[in-house]
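Chains as they are written, first to last, in my numbering: chain A, 1248 to 1570; chain B, 14 to 281.
Pasting the structure below:
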């Protein structure tokens, strides 16, 4: 007979597995047209419960439009959205969402607390204690009678996150929440998101600060020109962000040909006008020696690891061929 | 919807604009009474002649200016008939609604309420409540100022006050819904302000009335919000006087429906 602790662990695991098998967000062929131009094209976004989903794309790629449709702020031209297995129009589902889309929507002539009370009343919350608790959590409890118009950009963003947290939502949709935050603010927000994740909340977050996103996200979606070109897990990303050996040489064309001839097992690509990236190199010294023997000046060489930013830029160049 | 109404009323109490706009109406009332006191009351005329504002002949002519005028007519003449009330109250409604769009707080609201009619409903109810308070307090202030100026005009019948205030509330609330529609359409304080002043002051209706009257179809515009407020009955005499309620209700429903449709079709 299993011990009580083991039983609880098993139950917890079952709950976790169950949660992971259900989608917090599921879209099918989600499309948004502005006149004849498609801002979002046939997006099949899938975010499981309990994930921190990093949503990445260039400016104008369709991130905010997609997030707006998920929040019900924009109507899709085509396709379907399901949140927690129910249509986005379901009022019960919308209460499970906390959103921060683009800039935080705040009344400038009111204080942080008054803005929070406004949202609380809008939601029908009667207990204003949660307002103070969230203000404390986001470091805004001591702003007192200071009006929002006197807040720094970072404070406004934090208040936007605080508004999203009201009502203890099961899922947070945060569009560029790191904008305007100083390094300390970014660290605090990162810790907050991780804490919420530990509590079991699902987070869909978009940001251009990919370094930060890579520290918290468990899954990624990359959108380009309105199309979701890739959805991967953190493990898959790490697998794909393979090490490479980069050399900076004087004569790229000749060096490229020589490497391909001498090391046929190595995959080579020219990354910019003076650099070559080589995948599958085991011994860098041997490669350098070969180039020097062939009178090719090597300015720099070394092993690198592709990070999320490089991976993202790589995908932006390659587009659909990587899917 | 009542949660939204609670939220709106919380903001109304904390907004300066609601007090500033009401202050403008009160200041206009005091100015109007002051001017009439100088023109029509013996002590005022003395002062006016002394400072060279009136001649003795003009003072004699203007002595009868208040003949047949009661406090309800004074109240109407002060602000409502000329469109100042509509313009001032409309500016407040415009500031209140446009603030949602310009601050971006509308995103917090609409992320919770997919049914956009709730938003329209709460804004109309808020405008109706503020309008009611404005009208009642403004009337009471007018009566007070009249008393302070030495009872320049007599009181009207209570029934006349009730009749006039009820239909004026209806019609001005319909005007508020027109302003809400303007704000939802333009989402701009500047465009909204221009629209409110033009519509509230009759700068659109009156020229249109003159043009249409050349073709003998101008009388239709007598049922517009501006001309109803300017020419509507001050007392109930016959059932046809009730047409003002129909005007108010008609425009209220029409603008509410159009606002709801516009808001449903637009992305936030």
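Glycine included, every Cβ here is placed at the ideal spot set by N, Cα and C.
Note that the structure is a prediction, hence the values are computed from the model and not measured.
Each of 121(B), 276(B), 67(B) and 147(B) was checked against the Cα of residue 106(B), and the nearest Cα belongs to 147(B). Closest by C-alpha distance to residue 1309(A), out of 1287(A), 1371(A) and 1549(A), is 1287(A).
In the DSSP annotation of this structure, the continuous segment of the alpha helix (DSSP H) that includes residue 1483(A) starts and ends at 1481-1487. Burial check for residue 1403(A): the Cβ neighbour count within 10 Å reaches 16 or more, so the residue is buried. Burial is judged here by how many other beta carbons sit within 10 angstroms of a residue's own beta carbon; residue 1385(A) has at least 16 and is buried. Residue-level contact check: residue 281(B) touches chain A, since one or more beta carbons of chain A fall below 7 Å from its beta carbon. For a cut-off of 8 Å, the C-beta gap from residue 1472(A) to residue 1453(A) is around 16 Å, too long to register as a contact. Closer than 7 Å to the CB of residue 1409(A) there is not a single CB belonging to chain B. Contact note: residue 1355(A) reaches chain B through 116, using a C-beta cutoff of 7 Å and chain order. Neighbours of residue 1350(A) across chain B, judged by C-beta separation under 8 Å: 117. Residues of chain A with a Cβ closer than 7 Å to the Cβ of residue 112(B) are, in chain order, 1354.
A check of alpha carbon separations from residue 260(B) across 200(B), 254(B) and 236(B) identifies 236(B) as the nearest.
Here residue 1548(A) carries a strand assignment [DSSP, helix/strand/coil]. With 16 or more other Cβ atoms inside 10 Å of its own Cβ, residue 88(B) counts as buried.
By alpha-carbon distance to residue 238(B), the top candidate from 61(B), 182(B) and 131(B) is 182(B). Its chain contains 1271, 1294, 1296, 1297, 1298, 1417 and 1418 as the residues whose beta carbon lies nearer than 7 Å to that of residue 1449(A), once the 5 sequence neighbours on both sides are disregarded; these appear in chain order. In the three-state DSSP reduction, residue 128(B) falls in the coil class, being neither helix nor strand. The C-alpha of residue 1351(A) lies about 9 Å from the C-alpha of residue 1405(A). If you check the CB distance, residue 116(B) and residue 1347(A) do not come in under 7 Å. Collapsing the DSSP output to three states places residue 1492(A) in a strand. Below the 8 Å Cβ cutoff, chain B contributes 280 and 281 as neighbours of residue 1321(A), in chain order. Relative to residue 1527(A), the option among 1408(A), 1506(A) and 1540(A) whose CA is nearest is 1506(A).
Nearest Cα to residue 152(B) within the set 229(B), 213(B) and 35(B): 35(B). Secondary-structure assignment with DSSP links residue 1468(A) through a beta bridge to 1302(A) and 1478(A). Residue-level contact by beta carbon holds for residue 1318(A) and chain B, with a gap shorter than 7 Å.
Residues are counted here when their Cβ sits less than 8 Å from a Cβ of chain B; for the region 1327-1349 of chain A these are 1335, 1336, 1338, 1341, 1342, 1344, 1346, 1348 and 1349, given in chain order. A straight-line Cα-Cα distance of about 31 Å links residue 225(B) and residue 201(B).
Nothing from the region 234-245 of chain B brings a Cβ to less than 7 Å from some Cβ of chain A.
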